[in-house]
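A.B. asks: Residue numbers for the first sequence follow my numbering, beginning at 7 and rising by one.
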Amino acid sequence: MNNNYLEELNQVQREAVECTDGPVMIVAGAGSGKTRVLTYRVAHLIKKGIDPFHILSLTFTNKAAREMKDRIGKIVSKGEARNLWMGTFHSVFARILRTEAARLGYPTNFTIYDTDDSKSLIRTILKEQGIDEKIYKPSIVLSRISSAKNNLLSAQVYLQNEEAMNEDKLSGKPKIGLIYDIYHKRCFRAGAMDFDDLLFNTNVLLRDFADLLNKYQDKFRYIMVDEYQDTNFSQYVIVKQLAAKFQNICVVGDDAQSIYGFRGANIQNILSFEKDYPDLHTFKLEQNYRSTQNIVNVANTVIKNNQDQLQKNVWTENPAGDLIYLLKAHTDNEEGQIVARNIYDLKIDKMANNRDFAILYRTNAQSRSMEEALRKKGIEYRIFGGLSFYQRKEIKDLLGYYRLAINPSDEEAFKRIVNFPTRGIGDTSIEKILIAARDNDISLFTACENITELNLAINSGTVQKIQDFVTMIQSFSALLPVQNAYDLGDHIAKTSGLLHELHIDKTPEGVSRYENVLELLNGLKEFSDGALPPAIDLNENKLEFQDTNETNKELEENTEESLPMRTLDQFMQDIALLTDADKKENNEDVDRVSLMTIHASKGLEFPYLFIVGVEENLFPNPMSLLSRADLEEERRLFYVAITRAEKRATITYSSSRYRWGTLTSSEPSRFIDEIDSKFIEYGNSAARGEFEEGSNPQYLVNKSSTNKKIEQKQKFETVPPRKNLVKASTANAGPIDNTNLKSLQVGMTVKHERFGTGKVVQLEGGFPNTKATVVFNEAGQKQLLLKFAKLEIIES
DNA sequence: GTGTAATGCTATTGG
DNA sequence: AGCATTACAC
Numbered sequence: 007m008n009n010n011y012l013e014e015l016n017q018v019q020r021e022a023v024e025c026t027d028g029p030v031m032i033v034a035g036a037g038s039g040k041t042r043v044l045t046y047r048v049a050h051l052i053k054k055g056i057d058p059f060h061i062l063s064l065t066f067t068n069k070a071a072r073e074m075k076d077r078i079g080k081i082v083s084k085g086e087a088r089n090l091w092m093g094t095f096h097s098v099f100a101r102i103l104r105t106e107a108a109r110l111g112y113p114t115n116f117t118i119y120d121t122d123d124s125k126s127l128i129r130t131i132l133k134e135q136g137i138d139e140k141i142y143k144p145s146i147v148l149s150r151i152s153s154a155k156n157n158l159l160s161a162q163v164y165l166q167n168e169e170a171m172n173e174d175k176l177s178g179k180p181k182i183g184l185i186y187d188i189y190h191k192r193c194f195r196a197g198a199m200d201f202d203d204l205l206f207n208t209n210v211l212l213r214d215f216a217d218l219l220n221k222y223q224d225k226f227r228y229i230m231v232d233e234y235q236d237t238n239f240s241q242y243v244i245v246k247q248l249a250a251k252f253q254n255i256c257v258v259g260d261d262a263q264s265i266y267g268f269r270g271a272n273i274q275n276i277l278s279f280e281k282d283y284p285d286l287h288t289f290k291l292e293q294n295y296r297s298t299q300n301i302v303n304v305a306n307t308v309i310k311n312n313q314d315q316l317q318k319n320v321w322t323e324n325p326a327g328d329l330i331y332l333l334k335a336h337t338d339n340e341e342g343q344i345v346a347r348n349i350y351d352l353k354i355d356k357m358a359n360n361r362d363f364a365i366l367y368r369t370n371a372q373s374r375s376m377e378e379a380l381r382k383k384g385i386e387y388r389i390f391g392g393l394s395f396y397q398r399k400e401i402k403d404l405l406g407y408y409r410l411a412i413n414p415s416d417e418e419a420f421k422r423i424v425n426f427p428t429r430g431i432g433d434t435s436i437e438k439i440l441i442a443a444r445d446n447d448i449s450l451f452t453a454c455e456n457i458t459e460l461n462l463a464i465n466s467g468t469v470q471k472i473q474d475f476v477t478m479i480q481s482f483s484a485l486l487p488v489q490n491a492y493d494l495g496d497h498i499a500k501t502s503g504l505l506h507e508l509h510i511d512k513t514p515e516g517v518s519r520y521e522n523v524l525e526l527l528n529g530l531k532e533f534s535d536g537a538l539p540p541a542i543d544l545n546e547n548k549l550e551f552q553d554t555n556e557t558n559k560e561l562e563e564n565t566e567e568s569l570p571m572r573t574l575d576q577f578m579q580d581i582a583l584l585t586d587a588d589k590k591e592n593n594e595d596v597d598r599v600s601l602m603t604i605h606a607s608k609g610l611e612f613p614y615l616f617i618v619g620v621e622e623n624l625f626p627n628p629m630s631l632l633s634r635a636d637l638e639e640e641r642r643l644f645y646v647a648i649t650r651a652e653k654r655a656t657i658t659y660s661s662s663r664y665r666w667g668t669l670t671s672s673e674p675s676r677f678i679d680e681i682d683s684k685f686i687e688y689g690n691s692a693a694r695g696e697f698e699e700g701s702n703p704q705y706l707v708n709k710s711s712t713n714k715k716i717e718q719k720q721k722f723e724t725v726p727p728r729k730n731l732v733k734a735s736t737a738n739a740g741p742i743d744n745t746n747l748k749s750l751q752v753g754m755t756v757k758h759e760r761f762g763t764g765k766v767v768q769l770e771g772g773f774p775n776t777k778a779t780v781v782f783n784e785a786g787q788k789q790l791l792l793k794f795a796k797l798e799i800i801e802s
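(1) Residue 749 to residue 464, Cα distance in whole Å?
(2) Relative to the alpha-carbon of residue 149, which residue among 113, 667, 186 has its alpha-carbon at the smallest distance?
(3) Taking contact to mean at least 3 C-beta pairs separated by less than 8 angstroms, is the region 216 to 231 in contact with the region 56 to 64?
(4) Helix, strand or coil for residue 735, going by three-state DSSP, please let me know.
(5) Would residue 101 and residue 364 qualify as a contact pair, given that the criterion is a beta-carbon distance under 8 angstroms?
(6) In whole angstroms, give me the CA-to-CA distance for residue 93 and residue 322.
(7) Using a Cβ distance threshold of 8 angstroms, determine whether the region 467 to 483 contacts the region 396 to 414, with at least three qualifying pairs required.
(8) Please list the terminal residues of the continuous beta strand (DSSP E) segment that includes residue 34.
(9) Between 291, 303, 295, 241, which lies nearest to residue 275 when the distance is taken from Cα to Cα?
(10) Look at the Cβ atom of residue 624, then the Cβ atom of residue 368, and state whether they are nearer than 8 angstroms.
(11) Could you tell me the alpha carbon to alpha carbon distance between residue 152 and residue 694, rounded to whole angstroms?
(12) Measure the CB-CB distance between residue 638 and residue 425 and report whether it falls below 8 angstroms.
(13) DSSP state of residue 713, grouped into three classes?
(14) Using only alpha-carbon positions, find the residue among 686, 302, 291, 324 that is nearest to residue 39.
(15) For residue 135, which residues of its own chain have a beta-carbon under 6 angstroms away from its beta-carbon, when the five flanking residues on both sides are left out?
(16) Quick check on this structure: which residue in 239, 279, 281, 253 has the alpha carbon closest to the alpha carbon of residue 268?
(17) Could you check where the alpha helix (DSSP H) with residue 504 kicks off and where it finishes?
(18) Taking all protein chains shown into account, do 16 or more other C-beta atoms lie within 10 angstroms of the C-beta of residue 31, making it buried, or fewer, making it exposed?
(19) By the 10 Å Cβ neighbour count, where 16 or more other Cβ atoms means buried, how is residue 758 classified, buried or exposed?
(20) Could you spell out where the beta strand (DSSP E) holding residue 764 opens and where it closes?
(21) When the Cα atoms are used, what is the spatial distance from residue 86 to residue 72?
(22) Please specify which runs of the beta strand (DSSP E), each continuous and at least 3 residues long, are wholly inside the region 375 to 453, giving them in chain order.
(23) Would you be able to state if there are at least three C-beta pairs under 8 angstroms between the region 449 to 469 and the region 373 to 392?
(24) Across the region 73 to 83 and the region 97 to 112, are there enough close Cβ pairs to call them in contact, namely three or more that are closer than 8 angstroms?
(25) When the distance is taken between beta carbons, is residue 658 closer than 8 angstroms to residue 620?
(26) My assumption, with CB atoms under 8 angstroms, is that residue 767 sits in contact with residue 780. Please give the rounded CB distance.
(27) Out of 789, 52, 115, 113, which has the shortest C-alpha to C-alpha gap to residue 457?
(28) Name the residue from 603, 614, 677 whose alpha carbon lies nearest to the alpha carbon of residue 357.
(29) Compare the Cα-Cα distances from residue 183 to each of 193, 202, 196, 163 and report the closest residue.
(30) Nearest-angstrom Cα distance between residue 315 and residue 490?
(31) If you check the beta carbons only, do residue 236 and residue 264 fall under 8 angstroms apart?
(32) Cβ of residue 583 within 8 angstroms of Cβ of residue 244?
(33) Residue 788 by DSSP, collapsed to three states: which one?
(34) Buried or exposed: residue 192, going by 16 or more other Cβ atoms within 10 Å of its Cβ?
(35) Could you tell me the alpha carbon to alpha carbon distance between residue 442 and residue 499, rounded to whole angstroms?
(36) Could you tell me the distance, in whole angstroms, from the CA atom of residue 520 to the CA atom of residue 397?
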């Protein structure tokens with residue numbers, strides 16, 4: 007036990023830790039010991055006697071949560087720390103949603119759709135609706151839906167929201183509201199939530215069920231939110247609702263580091279926190295412990311160019327240190343070589359290790375030239391982000407089988423694996439299944455289960471293949487509660503033919519794919535053996551309160567024998583929420599140079615830092631030049647980048663680089679101009695020449711004219727109003743009562759949700775598999791399964 | 001229905 | 001340049 011933790015804090019940090027009750031805002035400058043404050047604050051709460059069950063701490067990554075838990079465990083006790091609720095918004099509320107899923111008509115084992123799943127579903131909908139994919143690009147449609155959800159606009163509300171509909175009309179995409187509506191219904195039918203739904207549906211729960219709001223308000227009496235500047239409206243409302251009763255809400259953030267506006271983060275959440283909680287205690291952590299004076303000064307001078315910010319003065323007692331080192335290259339490949347050479351030299355000069363270095367870039371695509379150069383120099387590296395392990399095709403394929411076994415309604419999993427490895431169920435059959443599923447409002451899998459009753463125009467051989475597929479998946483499902491994660495996962499990999507399919511491919515890529523699948527199975531093995539959860543240890547949390555620490559101690563000692571079996575569905579629960587940072591091997595102390603985007607570097611620090619590709623048309627990204635707000639976010643991004651450095655920061659740019667396969671020329675970023683030249687060491691003569699006064703008048707004129715354009719715009723630009731909280735609509739209703747349809751007879755007039763009214767011309771098959779042929783006034787003749795179709799008898 | 005060749009698109013940032 | 005979707009031959 008460590009009782010001296012308070013002595014490891016400075017005055018302000020200590021006050022922030024000890025101010026445990028009521029609303030608190032901690033404005034934490036870069037490198038000001040924020041993590042330490044958060045950690046000790048939680049520990050302090052527990053020491054004061056607050057039950058860890060009542061503490062909720064929302065972090066930006068799951069890795070951060072795990073590390074913090076470990077550190078807290080060292081101050082209090084491991085058993086107590088284990089009972090904390092700590093994790094990202096998405097993982098914490100996914101967990102709660104699984105518990106409360108029934109309230110929303112969702113199954114407990116709902117699937118979490120990742121971005122690829124969402125786009126694929128949108129593509130399917132576009133095809134069905136005959137909407138041009140060129141105009142309605144899935145990524146654009148999805149981002150529109152996403153921002154609607156993040157502003158708590160349900161599909162129904164969206165369709166009635168004049169502002170939203172007008173925006174879509176003006177952008178030439180008036181059907182987005184319609185697509186949103188269908189998308190939402192399809193997700194519901196598939197028992198799936200996308201990332202935004204996890205937050206949206208949490209809001210629905212807390213809004214529509216007073217008992218639940220009460221329950222979680224009582225449970226989470228102390229709430230802390232890290233990186234508050236990056237929360238969106240949906241997250242904001244969740245926090246506000248949960249904290250409404252006890253008001254013990256502590257948010258930590260730095261407006262200067264708000265870099266997620268593109269996914270709905272609202273910097274206003276932190277800028278106007280005071281208005282929400284008038285009796286707020288504010289603490290400003292301004293002393294930087296991380297970086298040299300030069301680095302702090304450069305960061306300060308650059309960020310000063312932004313208008314929107316809270317007053318603060320970040321300073322440090324650290325030595326002045328090296329100047330910012332500026333290097334110019336002529337191509338992106340040369341840039342890589344220069345960086346690799348500098349790392350090589352610095353390692354010798356400073357006796358540094360690979361792990362002391364990081365290379366940061368604006369876009370993932372820039373990693374390649376860096377990788378190549380490092381490889382040639384024999385410097386080991388690791389890449390964060392980009393294609394993560396779980397996004398690889400072979401992994402997604404196998405996970406597709408797991409997903410379908412756990413949730414047979416999962417449409418995206420179905421489409422992915424129904425014919426992979428190929429088993430003779432081709433596009434035309436799937437097309438027919440899709441239509442039948444839509445007409446009867448059932449999932450694709452349910453349609454397959456009833457493939458004979460639906461009697462679609464599919465030849466009998468294929469019908470048999472579909473039935474075999476159904477039987478196979480059902481046999482997997484049946485094993486879920488019986489076998490542990492590894493045994494079943496391995497069984498599925500073999501029985502499905504997937505492992506075999508990969509094994510016969512002897513190309514280097516094929517071998518690598520096979521090995522990746524083995525690695526996944528390996529992970530399953532470790533999970534089953536109880537070595538570690540997939541990444542998130544929320545699994546340990548219980549929603550029910552436990553009496554005292556006695557119970558916990560018991561739990562701790564009670565290992566091996568009494569441990570319940572770890573099953574495949576448990577393993578799969580949080581898979582979609584894992585990021586690269588959560589991967590096990592990235593936590594180990596491997597001695598490698600880190601490569602990542604600036605976004606991914608948030609919260610990290612490195613002694614020797616390289617920021618590469620600091621060029622106009624790349625950083626700031628051209629997409630962000632249209633408004634002052636976007637440009638300021640790019641500048642904050644630069645601020646985040648530079649403040650990752652502890653001892654030395656090197657900035658590089660290139661005068662040309664390959665983009666889309668062709669060489670394009672580029673010039674240094676305006677952000678370099680914004681650094682006072684007294685802080686810069688021009689590392690090579692090329693760079694020095696570029697910035698000599700008047701050396702390149704044309705280039706300077708260009709840049710100032712760009713700036714002017716932006717300034718003009720900002721005059722007319724008003725601060726965008728916070729989107730009003732339009733009441734979100736309740737999630738879809740439950741099943742329709744079809745029992746009265748037993749009395750349905752030929753000649754009756756019926757009404758269908760989509761096809762309108764029509765006359766029954768034929769009935770075949772006994773209840774409950776009765777199939778009706780209906781001639782609709784508008785939609786023509788359709789065949790519908792009574793047990794699924796929402797038919798209403800209008801006239802006998 | 002399946003496999004291969006040609007075409008076309010993409011690259012902000014991420015849970 | 002690399003990947004995904006499409007077109008076409010079998």
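The beta carbon of each residue, even a glycine, is placed where N, CA and C say it ideally should be.
C.D. replies: Taking the definition as stated:
(1) Here residue 749 corresponds to residue number 743 of the first sequence, with the count starting at 1. Here residue 464 corresponds to residue number 458 of the first sequence, with the count starting at 1. Distance between the alpha carbons of residue 749 and residue 464: 30 angstroms.
(2) Residue numbering aside, residue 149 sits at position 143 when the first sequence is read from its first letter. Considering only alpha carbons, the answer is 186.
(3) yes
(4) Position 729 of the first sequence, counted from the first residue, corresponds to residue 735. Any reading at residue 735 must be qualified, since the residue scores a pLDDT of 35, below 50, and its modelled position is unreliable; the value itself is stated next. In this structure, residue 735 counts as coil in the three-state DSSP scheme.
(5) On the first sequence, position 95 is the one that residue 101 refers to. On the first sequence, position 358 is the one that residue 364 refers to. It is not a contact, given that the beta carbons lie outside the stated cut-off.
(6) The count along the first sequence starts at 1 and reaches residue 93 at position 87. The count along the first sequence starts at 1 and reaches residue 322 at position 316. Taking the straight line joining both Cα atoms gives about 31 angstroms.
(7) yes
(8) Residue mapping note: residue 34 aligns to position 28 of the first sequence, counting from 1. For residue 34, the enclosing beta strand (DSSP E) stretches over residues 30 to 34.
(9) On the first sequence, residue 275 is found 269 positions in, with the first residue counted as 1. Comparing Cα positions, the closest option is 241.
(10) Along the first sequence, read from residue 1 onward, the residue named residue 624 stands at position 618. Along the first sequence, read from residue 1 onward, the residue named residue 368 stands at position 362. Result yes, Cβ atoms of residue 624 and residue 368 sit closer than 8 angstroms.
(11) Translated into the one-based positions of the first sequence, residue 152 becomes position 146. Translated into the one-based positions of the first sequence, residue 694 becomes position 688. Their backbone Cα atoms lie some 45 angstroms apart in a straight line.
(12) In the first sequence, counting from the first residue as 1, residue 638 sits at position 632. In the first sequence, counting from the first residue as 1, residue 425 sits at position 419. Contact flag unset, no.
(13) Translated into the one-based positions of the first sequence, residue 713 becomes position 707. Residue confidence for residue 713 is low, a pLDDT of 33 falling below 50, so the modelled location carries little weight and cannot support an answer.
(14) Translated into the one-based positions of the first sequence, residue 39 becomes position 33. When each option's Cα is compared against that of residue 39, the closest is 291.
(15) For the purposes of this step, residue 135 is taken as the residue at position 129 of the first sequence. Cβ within range, chain order: n/a, list empty.
(16) Position 262 of the first sequence, counted from the start, is the residue given in the question as residue 268. Cα-wise, what sits closest to residue 268 is 239.
(17) Here residue 504 refers to the residue found at position 498 of the first sequence. It spans 504 to 509 - the alpha helix (DSSP H) in which residue 504 sits, taken as one unbroken run.
(18) As a first step, residue 31 is located in the first sequence; it is residue number 25 there, counting from the start. Residue 31 is buried by the Cβ-count criterion.
(19) As a first step, residue 758 is located in the first sequence; it is residue number 752 there, counting from the start. Buried.
(20) Working through the first sequence from its first residue, we reach residue 764 at position 758. 762 to 770 is the extent of the beta strand (DSSP E) around residue 764.
(21) As a working note, residue 86 is residue 80 in the first sequence. As a working note, residue 72 is residue 66 in the first sequence. The alpha-carbon atoms of residue 86 and residue 72 are separated by roughly 14 angstroms.
(22) Fully enclosed beta strand (DSSP E) runs of 3 or longer: 387 to 389.
(23) With a cut-off of 8 angstroms, the region 449 to 469 and the region 373 to 392 do not count as touching, because too few Cβ pairs lie within range.
(24) They do not touch, by the three-pair rule.
(25) Counting from one through the first sequence, the residue named residue 620 turns up at place 614. Counting from one through the first sequence, the residue named residue 658 turns up at place 652. Yes, they are a contact pair.
(26) On the first sequence, position 761 is the one that residue 767 refers to. On the first sequence, position 774 is the one that residue 780 refers to. 7 angstroms between Cβ atoms; contact.
(27) Counting from 1 along the first sequence, the entry for residue 457 is found at position 451. Nearest option by C-alpha distance: 789.
(28) One-based indexing of the first sequence puts residue 357 at position 351. Closest by alpha carbon: 614.
(29) Sequence index remark: in the first sequence, residue 183 carries index 177 (1-based). Residue 163 is the option with its Cα nearest to residue 183.
(30) On the first sequence, position 309 is the one that residue 315 refers to. On the first sequence, position 484 is the one that residue 490 refers to. Whole-angstrom Cα-Cα distance: 52 angstroms.
(31) For the purposes of this step, residue 236 is identified with residue 230 of the first sequence, where counting begins at 1. For the purposes of this step, residue 264 is identified with residue 258 of the first sequence, where counting begins at 1. Closer than 8 angstroms, so yes.
(32) Here residue 583 refers to the residue found at position 577 when the first sequence is read from its first residue. Here residue 244 refers to the residue found at position 238 when the first sequence is read from its first residue. No; because the gap between Cβ atoms is not below 8 angstroms, this pair is not in contact.
(33) On the first sequence, residue 788 is found 782 positions in, with the first residue counted as 1. Strand at residue 788.
(34) Translated into positions along the first sequence, residue 192 becomes position 186. Result: buried.
(35) If you number the first sequence from 1, residue 442 lands on position 436. If you number the first sequence from 1, residue 499 lands on position 493. Their backbone Cα atoms lie some 30 angstroms apart in a straight line.
(36) Position 514 of the first sequence, counted from the first residue, corresponds to residue 520. Position 391 of the first sequence, counted from the first residue, corresponds to residue 397. C-alpha separation (whole angstroms): 15 angstroms.
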